[in-house]
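All remarks here apply to the structure that follows.
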Amino acid sequence: MPRYRFITNNGGDHAVEIECQDDKVAREEARKAFAEAAHDALVDADDFEMTMTVEAKGKVIYRARFSFDGGDVN
């Protein structure tokens, strides 16, 4: 199975390599992982920006960015 490199940046890079059946499956896994990471970050912060890139054989096959700015209103 092909290996894919998932790189998440939320103030610092974190990368993992995962085997997936193909590019389509890798993109689906990236969306799930990105949604979970964004959820976790929302619990702990009022504002942040996060990106995720998925590479296969040195080529970017998926890229996502999420930014959030929130806070209390008085």
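Residue numbers for the sequence shown follow this note's numbering, so the first one is 2 and each next one is one higher. Glycine included, C-beta positions come from ideal geometry on N, C-alpha and C. This one's a predicted model, so the numbers in the text were calculated from it and none came from an experiment.
By the neighbour-count definition (other C-beta atoms within 10 Å, threshold 16), alanine 31 is a buried residue.
Assignment of alanine 46 by DSSP, reduced to helix, strand and coil, places it in the coil class.
Beta bridge pairing from DSSP links aspartate 70 with Asp48. The three-state reading of DSSP puts lysine 33 in helix, counting H, G and I together. A direct Cα-to-Cα measurement between glutamate 37 and arginine 28 gives close to 14 Å.
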